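A.B. asks: Residue numbers (this note's numbering), protein chains in the order written: chain A, 66 to 690; chain B, 447 to 605; chain C, 687 to 1177; chain D, 193 to 420.
Each residue gets a CB set at the ideal place from its N, CA and C atoms; glycine is no exception.
Predicted model, so just to flag it, every value in this text is computed and none were measured.
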Amino acid sequence: MTFTPLDELLLFSGATLLVALILGRGLAAGWMVTILYGGQLLTLIKMAALGYSDTIIHASISFEIMGQSLSWRFDALSWFFALITVASALLSSWFSCGEWERSFKQQGGNVWLYHSAMALNVFTMLILLASGDLLSLFIGWELVSWAGFLLMAMAGGVATRAAMRYITYAMAGGMAVFGGIALVYVAAGSLQYEAILTAVDQMSSTQLWMLVVMFGGGFGVKMGLLPFHLWQAPAYAETPGPGSAFLGAISSRMGLFAILLVLVKLFGIVNIDSLKIPFTLIDARDLLAWIAVFTIILPTFTAMKQNDARHLLAWHGIGQGGYMLLGVVVADAMGGAGGLLHVFNHATYQAALFMAVTAVIHRTGTSDLNKLGGLVVRMPLSFMVLLVGIIGLAGLPPMNGFVSKWLVYRSLLNEGMPLLFLAAVIGTLGTILSVYKLIHNIFLGQLRIEHEQVKEAPWSMMIPMLILAAIIFITGLFPGIPLAWVASVQEVIGLPATDYTLGGVESVSGSLDMIWVIGVLFAGFGIGAVIFYSAGRSKRVHQLDNYAGGHFLSADVRYQYSDNFYAGLMHLIGGWYRSSFLWLEKSVTSLVDFFSLVMQGLYRRANAEFYLLSTALFVIAWVVI
Amino acid sequence: MIPGFTLELILYSTALGLVSIGLAGLVLSHHLFRIVLALVIAEAGANLMLVLAGYRWDAVAPILTTLGEQPQMVDPVPQAMVLTAIVIGVGIQALAVSILIRIRQRYHTLDRNEVAELMDAEIAATAGTARDVSQEAPLGERPIPPITDDAVQVRGGRS
Amino acid sequence: MNEHLVLTIALPLLGAFLLPIIMRSSLAMGVWIGPVILGYGCWILANLWLHGNEQPFSIAIGGFAPPLGINLYVDAMALLFAFATQLLGLIFWPFRLDQDTPKRQALMLLLVASSTGLALSGDLFNLYVFYELVAVSTFGLIAASSSSAAYVATIRYLILSGIGSVLTLFGIALIYAQTGTLNLAHLAQLAPDQLNNDLGLAAFLAILIGIGVKAELFPVNTWVPEVYATAASRLSAFLAGLVSKLSMLIILRLLLLIFHQPEATQVILILGILGVISGEFAAWRAKDMRRMLAFSSIGQLGVIFIAVALPDERGVLAVLALSLHHMLIKSGLFMLADHWGGSLERLRGIATTSPLAAGLFVLFALSLVGMPPLPGFWAKFTLITELAGQTDPLYMIGLLVFLLATVIEASYLFRVAAKMYQTKPTDIVRSNSPDSGSLSLTTASLFGAGLIAATVMVSPLGDGLQAIAVQAQDVDLYIQTVLQQPLGEGQ
Amino acid sequence: MRNLTGLLFAGGLGFMLLSIAINLDFGTPTMLIGGAIQSNALQKTGATNIVTSVVLGYRGIDTLGELSILFAAAASAGLILGRRHTTAGTQTAGGFVLRHGGSMLFPLLMTIGFYIIFHGHLSPGGGFQGGVILAAAFFLPLLARPGAQLHHGTLSLIEGLAGASFVLIGLIALQQGKAFLQPMLIQDTLGVLLSAGTLPLLYLAVGLKVGAELASLLSHLAQTESDA
């Protein structure tokens, strides 16, 4: 029996899980697992052809269960997401080896559980990505949900509560998808993609509406689309450090993957576009676009309010998901490319940011933005990584986030959607403001007295962070590398493929060449540097060499403004949307609680005979009358 | 002879009347012993209905007297079934009464509501939970745990 | 060989009659009688299963050919449930030794015998007799836990069940008066002409409500929470796991063979939906484990009722799959409840002290909410694809309610699971007796192993159940098998 | 309010059922199986009383089930009430007439009971009816002398053995290659005491069992009530 590359990948991943389970308590477990992730990455690279074409690799295993056939296969779409998954797992795992693991164990953490949960997550995600029909997609989907639950819940305490919230949402989403699958099965008579593709054309618009709502809602929960986003930030933020880097990088993108596969590839954007909402001018696709836009804006401004670095980043993760969906829904060559590329870009800088924050936590013991500051002098490399990351997150050149956002904006303009464009730009403004808060409150300003002795993060953490920073910059400089993969993904899911070059995209409506952009940028920097170093004499000043109102300030006096950041802005926008989703969530819970009370009362206070009698009467009456 | 229709109506009404009286008694009584008695009445009605199902005009009991020509006989099957049903009923009633005796010994009452309340309290006590019938009691634990206030204070905002 | 099947009913009865006498003379011998009889029953059934020629057959009791006499109808479905009965009877055998042992074990043997009878019997009135025997022996066993609450729960159950049997008897009387026969096959033959009317429907509904008492049909299931909370867990497991399914089986048989009216399925569907809603919502707020399981069992049975209301053989398949799955899971969960006992609050942090039990709970809960690839998923998958295929909008409501209920179920089950895995164990002293604790944990592990085995073998199991469903759904086969010779002249 | 609705519901249900039942043919049952049984009961079972042949022959397993129910009920009652054995000393003893009347009636009732049991296959009556009379015979002294006790050991021996012999007779038939509970030793002579093969034996078992069960149930109730 020969193994296809996909078999090898899945076996490798399964082996990683086994090693984590069996040897996870050992000393070198982290390194072993990391090396195995590296092996998975190599297997993926062996499949690299997938990234540039629309060939399909099948797994040798397939099942025939209860009249359903289950199979697994990889195409460019799966490969693209799998690459991000495995790479972020590799780097997160690397990051956790050594020092972090030791301190985690000292604080009472379960390292074995951490490694196993991580390996399980990767394994289940690969199964999901490899799904060859709707049923195996659902199986993978549920597995991913529960594996995520395990990773989120493992820290205990607040994390468990957040994970419970997550699993309730995820279950609701999963059940919506389950119902959708049943409907598809009835309509198509099968759950194979080919059968569905042909059946979609015969579907009535009511059917299609139901399916779009059920699948969109179900998958949207995982993506954290509005109004199902409440679970995500606390759940990701409370996951142990490298775990949150991994989850933040890829976990909720599984929702996007499923949306791409089902809504875009199987149902087709055209079909979704044809679903008009009665009495309004918009259709289902516009609805999705607006949901995406609000998913950008609201979580981003919520992020600004956070005082915990991890929560701030996690809220951003939700918001950035909106850009991806927005790009895909616009669905022209540029938009699709922007959305998909953003998946890659977001994974890189989100992982880098979470890692940098985790490094700070590792050294200082806190991620509270009001209790940090001035760490740039102690942890300069971490500062660099965080800087690179936030530039990417804010979507500014020269980092990769700029490229994908530029593509999305460009396509919105090209397709004549100025309102959406405006909204997306508002989102970006929020991003810039909040990431400034992040870097300022951690690294800039005055060093706290209790952090005098802080050292730079250990190399086991630094190396993956630097690798990520390098990737962020390089793919910003040469966006053509990921764009090649993105183009074949676009082909696979039936969108127009973008016309890419090494430095960007070619298009009649406006090209982008990052090599030029960055060249110009650095030329500017160079000129600045020349002026700076040639014209003036600079003098290094100690961080505490400051005066305020003529008064000399010592280290124990806080003179630096970091608490209640953006108070004015918050006051301005705060009242608009405060807690409305929380209210919604609470009212649903209360409703369930109320029903529960009623039903228990029904059984508790029951005069059972009376029920029986009246039921008998009613059913007999039904018959007679 | 009474015309068939009338007799039929009377007999069916009797059977169903017994069932109805029994059921009404079940619902209306508060005393468990009376409820058991009501059950007995209802059972009698059902048994009567069963016998009626096999009744036959101008026929004799199903016992052979000669080997030759037989007179018309009523259907023996319902009679056998009713015999069974009656004995079953007796067994259940005896069991019910013995349980009632024990309940009265333990709780000193046979009022259905009081007994149910006492039972509820005992179940809760055995399980070690507070009784949660009370409307004033705080709600159950939520599956979607709220973000606690201290967490909010530490972490700042929420949406 | 086939004739020996009747031993699975006769021997437990014999054993029950003799047990008190034998126990009085020799306790050592007496304690082995029950397990040996049930083991032998399992052996007979397994043998028949393995060496049978898959064709259903009928056994005329007393040598009187049906429809005159009573017959046992043995097809794969009946065999399956009969086997499950004997096996679960063996697993949940009341081993505990005290002065009541002879009576308790005798009652258990009667319960098993009558449950087997329910699975096999092919005669309406005979079903009623066995059903009552199940009821009476159940009452005795519940009351045997001899707490005052158990007595009250029993009497309330008894009264409810009493009305149920009045209604059932009434329905049987109606059917007999209309058709003049009680044999199911014979009735199936006559039904299209004689029972396809208001009278037949009324009779069915009376029987449905009567039998529904044990099948935990809404709203005649008010006994469930109190009985399961007061009875011994092993008994609750047997009742929730098996007896409810057997009652369901009777309803399914009646529906398949005799009552084809759409109104009948509609009533079942509506009551099933209400059962799901009421059970799952009520469970959400439950504070002790047994009551949570009781309410959740109501919900699950409601789901099975929804499946019963599905017309064709995939519906039967769904019923079978859901029933067997629930049998496995609920038995296991009740065993865990026995292991831990008491309120959910006490379970905080229990995973550190008993990791195996906590792991089993999570496994059962995952399968119950239908996580693939555990068997629960396949059962639910069969159900929802079948539900979605119906044209009647009522089924769509059923589908939505089912999905909603699953979410609620997941939320309360995993609230408990999360509690178990919280890091700090509380200092509350747990009051479980050590001996029953380990025994029930072993039993629960057995069910866990069964679940995992079913996960691995899900494909052949699915095919097997499919074949069973096809066979069970074949009315003509049933009639031909039972009434091989032409009918005796009626009038 | 609930009383009223309860009444209405019960009345309504009765009325509905009546309106359904009234459509049945009354007095002319179809007798599909009933008729067939009438015509071949004698050859198959040898019993003159067709009800008996149905009870013990055609529907023998129903009877077995019903015996089991009685047994289960008695055992359950024993479980529930049998914990404490109290002396019924608080009750006043019966008077002279009651006590001696009871003693005199005892043999009479026994005789009648057994007569009815043994002639169950020939004439109206049989194991159940006879068994109840037997139980009454045993219970009468208990009423007359509240202090007296029935011997539970003997009773349970009788009930166990009687039930077991019913099953065993059925199993013997199985052993001889016939069906379970198939009647044996049939001589189809009409109206003779020893005509119906094993049926009288079965009825004897039934009678003894019913008598023993009822007696034990009643004595359980009688003994416990005194300390209520």
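(1) Based on DSSP bridge pairs, tell me the residues matched to A:Ser196.
(2) Just mark A:Gln171 as buried or exposed, buried being the case when its beta carbon has 16 or more other beta carbons within 10 Å.
(3) With DSSP run on the structure shown, which of helix, strand or coil describes D:Ile214?
(4) Under 8 Å by Cβ, that's how I've got C:Gln791 and C:Leu705 pegged, so tell me the actual separation to the nearest angstrom.
(5) Just checking: is the beta-carbon of C:Leu1006 within a distance shorter than 8 Å of some beta-carbon in chain B?
(6) Using beta carbons (cut-off 8 Å, strictly below), is D:Met376 in contact with chain A?
(7) Classify A:His636 as buried or exposed, calling it buried when 16 or more other Cβ atoms lie within 10 Å of its own Cβ.
(8) Given C:Leu724, which residues of its chain have a CB within under 6 Å of its CB, disregarding the five upstream and five downstream residues?
(9) Report all residues from its chain with a CB closer than 6 Å to the CB of A:Asn72; omit the five preceding and five following residues, and keep chain order.
(10) Tell me which residues share the same chain as B:Val528 and place their Cβ nearer than 6 Å to its Cβ, disregarding the 5 neighbours each side in the sequence.
(11) Just the Cα atoms here: how many angstroms apart are A:Ser317 and B:Ala542?
(12) With contact counted as at least three CB pairs below 8 Å, one residue from each stretch, are the segment 739 to 757 of chain C and the segment 238 to 245 of chain D in contact?
(13) Mind checking if D:Leu205 is an interface residue toward chain A, Cβ cutoff 8 Å exclusive?
(14) Using 8 Å as the threshold, is the C-beta distance between A:Gly384 and A:Ile347 below it?
(15) Find the nearest neighbour of D:Ser315 within the set D:Ala404, D:Gly238, D:Met208, judged by alpha-carbon distance.
(16) Hey, which unbroken runs of the alpha helix (DSSP H) at 4 residues or more fall wholly within the segment 890 to 976 of chain C?
(17) To which residues of the same chain is B:Pro584 closer than 6 Å at the C-beta, ignoring the five residues directly before and after it?
(18) Looking at chain C, which residues of the segment 256 to 269 of chain D have a Cβ within less than 7 Å of any of its Cβ atoms?
(19) Which term fits A:Ala686, buried or exposed, when burial requires 16 or more other beta carbons within 10 angstroms of its beta carbon?
(20) How many angstroms separate the CA atom of C:Pro997 from the CA atom of A:Val251?
(21) Counting along the chain, where does the alpha helix (DSSP H) carrying C:Val838 start and finish?
(22) Determine contact between the segment 441 to 458 of chain A and the segment 393 to 401 of chain A, defined as no fewer than three beta-carbon pairs at a distance below 8 Å.
(23) Could you tell me how far apart the beta carbons of D:Ile304 and D:Ile272 are, in whole angstroms, since I believe they sit closer than 8 Å?
(24) Taking 6 Å as the limit between beta carbons, can you name the residues of its chain near D:Leu406, skipping five residues before and five after?
(25) Please tell me whether B:Thr530 has its Cβ less than 8 Å away from any Cβ of chain E.
(26) Quick test of your reading: C:Pro1058 and A:Thr680, contact by CB under 8 Å. State the CB separation rounded to the nearest angstrom.
(27) Under 9 Å between beta-carbons, which chain A residues line up against B:Asp566? List them in chain order, please.
(28) In chain B, what lies closer than 9 Å to D:Arg251 by C-beta?
(29) Of all the CB atoms in chain D, is at least one closer than 8 Å to the CB of C:Thr867?
(30) Can you pull the DSSP bridge partners for A:Glu129?
(31) In chain order, what residues of the segment 486 to 508 of chain B put their CB closer than 8 Å to some CB of chain C?
(32) Locate the alpha helix (DSSP H) running through A:Val251, then write down its first and last residues.
(33) Between D:Ile212, D:Met302, D:Ile229, D:Tyr395, which lies nearest to D:Leu332 when the distance is taken from Cα to Cα?
(34) So which residues on chain A does C:Phe1100 lean against when the C-beta distance must stay under 7 Å?
(35) Who are the neighbours of B:Leu469 on chain A, taking C-beta pairs under 7 Å?
(36) Buried or exposed: A:Phe587, going by 16 or more other Cβ atoms within 10 Å of its Cβ?
C.D. replies: So, from the data block:
(1) For the purposes of this step, residue 196 of chain A is identified with residue 131 of the first sequence, where counting begins at 1. Its beta-bridge partners are A:Trp137.
(2) To locate residue 171 of chain A, count along the first sequence from 1; it is residue 106. If you draw a 10 Å sphere on the C-beta of A:Gln171, you find fewer than 16 other C-beta atoms in it, and that means exposed.
(3) What you label residue 214 of chain D is simply residue 22 of the fourth sequence in a count that begins at 1. Three-state result, D:Ile214: coil.
(4) Position 105 of the third sequence, counting from 1, holds the residue named residue 791 of chain C. Position 19 of the third sequence, counting from 1, holds the residue named residue 705 of chain C. The pair is a contact, with the Cβ atoms about 6 Å apart (cut-off 8 Å).
(5) Counting from 1 along the third sequence, the entry for residue 1006 of chain C is found at position 320. Taking Cβ atoms only, chain B never reaches closer than 8 Å to C:Leu1006, which makes this a no.
(6) Walking along the fourth sequence from the start, residue 376 of chain D turns up at place 184. Any Cβ of chain A closer than 8 Å to the Cβ of D:Met376 would place that residue at the interface, and such an atom is absent.
(7) Here residue 636 of chain A refers to the residue found at position 571 when the first sequence is read from its first residue. Counting the other CB atoms within 10 Å of its CB gives A:His636 a total below 16, which places it among the exposed residues.
(8) Translated into positions along the third sequence, residue 724 of chain C becomes position 38. Excluding sequence neighbours, C:Leu724 sits near Gln772, Gly775, Leu776.
(9) Translated into positions along the first sequence, residue 72 of chain A becomes position 7. The sequence shown places Asp at residue 72 of chain A, rather than the Asn named in the question. Excluding sequence neighbours, A:Asp72 sits near Ala124, Ser125.
(10) Sequence index remark: in the second sequence, residue 528 of chain B carries index 82 (1-based). Result list for B:Val528: Asn493, Leu496, Val497, in chain order.
(11) As a position in the first sequence, residue 317 of chain A is number 252, starting the count at 1. As a position in the second sequence, residue 542 of chain B is number 96, starting the count at 1. CA-CA distance, A:Ser317 to B:Ala542, rounds to 60 Å.
(12) Output reads no: the segment 238 to 245 of chain D does not touch the segment 739 to 757 of chain C.
(13) For the purposes of this step, residue 205 of chain D is taken as the residue at position 13 of the fourth sequence. Cβ-Cβ to chain A under 8 Å: yes for D:Leu205.
(14) Looking up residue 384 of chain A in the first sequence gives position 319. Looking up residue 347 of chain A in the first sequence gives position 282. No Cβ-Cβ contact shorter than 8 Å links A:Gly384 with A:Ile347.
(15) The residue labelled residue 315 of chain D in the question sits at position 123 within the fourth sequence. When only C-alpha atoms are compared, the closest one is D:Gly238.
(16) Runs of the alpha helix (DSSP H) inside the segment 890 to 976 of chain C: 909 to 916, 919 to 924, 930 to 943, 948 to 970.
(17) Taking the second sequence and counting its residues from 1, one reaches residue 584 of chain B at position 138. Note that B:Pro584 scores 43 on pLDDT, short of 50, meaning its location in the model is unreliable; the coordinates nonetheless yield the value given after this. No residues qualify anywhere along the chain.
(18) Residues Leu256, Gly257, Glu258, Ser260, Ile261, Phe263, Ala264, Ala265, Ala267, Ser268.
(19) The residue given as residue 686 of chain A occupies position 621 in the first sequence. Exposed, because fewer than 16 other Cβ atoms sit within 10 Å of the Cβ of A:Ala686.
(20) Residue numbering aside, residue 997 of chain C sits at position 311 when the third sequence is read from its first letter. Residue numbering aside, residue 251 of chain A sits at position 186 when the first sequence is read from its first letter. Rounded to the nearest angstrom, the gap between the Cα atoms of C:Pro997 and A:Val251 is 16 Å.
(21) Against the third sequence, residue 838 of chain C aligns to sequence position 152. Its alpha helix (DSSP H) spans residues 834 to 865.
(22) Taking 8 Å as the limit for Cβ pairs, the verdict is that the segment 393 to 401 of chain A does not touch the segment 441 to 458 of chain A.
(23) In the fourth sequence, residue 304 of chain D corresponds to position 112, counting from 1. In the fourth sequence, residue 272 of chain D corresponds to position 80, counting from 1. Between D:Ile272 and D:Ile304 the Cβ distance is about 32 Å, and since that is not below 8 Å, they are no contact.
(24) In the fourth sequence, the residue the question calls residue 406 of chain D occupies position 214. Ala327, listed in sequence order.
(25) In the structure shown, chain E cannot be found, because the protein chains are A, B, C and D.
(26) Here residue 1058 of chain C corresponds to residue number 372 of the third sequence, with the count starting at 1. Here residue 680 of chain A corresponds to residue number 615 of the first sequence, with the count starting at 1. Contact between C:Pro1058 and A:Thr680 does not hold, since the beta-carbon distance rounds to 37 Å and is not under 8 Å.
(27) Numbered from its first residue, the second sequence carries residue 566 of chain B at position 120. Taking the beta carbon of B:Asp566 as reference, the chain A residues within 9 Å of it are Arg669, listed in sequence order.
(28) Here the question's residue 251 of chain D lines up with position 59 in the fourth sequence. Going along chain B in sequence order, the residues near D:Arg251 (Cβ under 9 Å) are Val523, Ala526, Met527, Thr530.
(29) Counting from 1 along the third sequence, the entry for residue 867 of chain C is found at position 181. A Cβ of chain D is located within less than 8 Å of the beta carbon of C:Thr867.
(30) Here residue 129 of chain A refers to the residue found at position 64 of the first sequence. A:Ser134.
(31) Residues of the segment 486 to 508 of chain B with a Cβ closer than 8 Å to any Cβ of chain C, in chain order: Ala488, Glu489, Gly491, Ala492, Asn493, Met495, Leu496, Leu498, Ala499, Gly500.
(32) Taking the first sequence and counting its residues from 1, one reaches residue 251 of chain A at position 186. Segment 223 to 253, the alpha helix (DSSP H) holding A:Val251.
(33) Mapped onto the fourth sequence, residue 332 of chain D falls at position 140. Distance from the Cα of D:Leu332 is smallest, within the candidate group D:Ile212, D:Met302, D:Ile229, D:Tyr395, for D:Met302.
(34) Sequence index remark: in the third sequence, residue 1100 of chain C carries index 414 (1-based). Near C:Phe1100 (Cβ distances below 7 Å), the residues of chain A are Met229, Ile232.
(35) If you number the second sequence from 1, residue 469 of chain B lands on position 23. Neighbours of B:Leu469 on chain A, chain order: Leu678.
(36) Residue mapping note: residue 587 of chain A aligns to position 522 of the first sequence, counting from 1. Classification of A:Phe587: exposed, given that the 10 Å Cβ count is below 16.
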